[in-house]
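K.L.:
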Amino acid sequence: MKLTFTKGERLSAKSSIEGLFRGGSSFFIYPYRVVYLLVDKSDSPHPAEVLVSVPKKKFRSAVARNRIKRKVKEAYRLQKNSLLYPYLNKEQEVLHVAFQYVANKDLSFEILAKGMEEVLKKLVNESA
């Protein structure tokens, strides 16, 4: 599988985002708060759709927020095929996920990648 993060893998529909935050379950693994919801597979070729948010209250500069979002997306992109997709491809559901960054400073990529690995493992365990 290719290690890409295409537009179809991004959660962008307002109704889907509202449904995720209204009816989804959540957990916390530093530096992320994760909200997730399993929905019926509706002609989506991707097993998961992802949203990344970084609070403007903690990071006033758009440059800083965008840098963090890029690092979080990169950590997800590199690990999704080995941890998350093998499980989701067996199921007939799509996973909607929101990664909310909760740290107070811009952390290194290594810390973000380690946290993302733990998050993806927990998502697989809780979705089962």
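Residue numbers for the sequence shown, in our numbering: 7 to 134. Glycine residues also receive a C-beta, built at the ideal position from the N, C-alpha and C atoms. Keep in mind that this is a model prediction, so the values were computed, not measured.
Can you tell me whether P61 is buried or exposed? The criterion is at least 16 other CB atoms within 10 Å of its CB, across all chains shown.
P.N.:
Exposed: under 16 other Cβ atoms inside 10 Å.
K.L.:
What residue from L43, R16, K13 and K20 has the CA that sits closest to E99's CA?
P.N.:
Comparing Cα positions, the closest option is L43.
K.L.:
Can you tell me the Cα-Cα spacing of G29 and E97, whole angstroms?
P.N.:
Using only the alpha carbons, I get a separation of about 20 Å.
K.L.:
So, for S32: in the same chain, excluding its five sequence neighbours on each side, which residues have a beta-carbon less than 8 Å away from its beta-carbon?
P.N.:
Result list for S32: R39, V40, V41 and Y42, in chain order.
K.L.:
For E55, is the classification buried or exposed, using 16 other Cβ atoms within 10 angstroms of its Cβ as the cut-off for buried?
P.N.:
That one is buried.
K.L.:
Sorted by chain position, which residues of the same chain lie with C-beta nearer than 8 Å to F27's C-beta, five sequence neighbours on each side aside?
P.N.:
Contacts found: V41 and A104.
K.L.:
Look at the alpha carbon of E15 and the alpha carbon of K86, and state the distance between them as a whole number of angstroms.
P.N.:
In a straight line, the C-alpha of E15 is about 11 Å away from that of K86.
K.L.:
DSSP three-state label for V108, please.
P.N.:
Of the three classes helix, strand and coil, the one that applies to V108 here is coil, per DSSP.
K.L.:
Per DSSP, V103 forms a beta bridge with which residues?
P.N.:
Paired residue(s): Y42 and V56.
K.L.:
Quick one: Cα of V130 to Cα of Y93, how far?
P.N.:
Taking the straight line from one Cα to the other gives about 7 Å.
K.L.:
Should L9 be labelled buried (16 or more other beta-carbon atoms within 10 Å of its own) or exposed?
P.N.:
Exposed: under 16 other Cβ atoms inside 10 Å.
K.L.:
Taking the Cβ atom as the reference point for each residue, do K64 and N95 lie within a distance shorter than 8 Å?
P.N.:
Contact flag unset, no.
K.L.:
Within the same chain, show all residues whose beta-carbon is closer than 7 Å to that of I23, passing over the 5 residues directly before and after it, in chain order.
P.N.:
Result list for I23: L17 and L57, in chain order.
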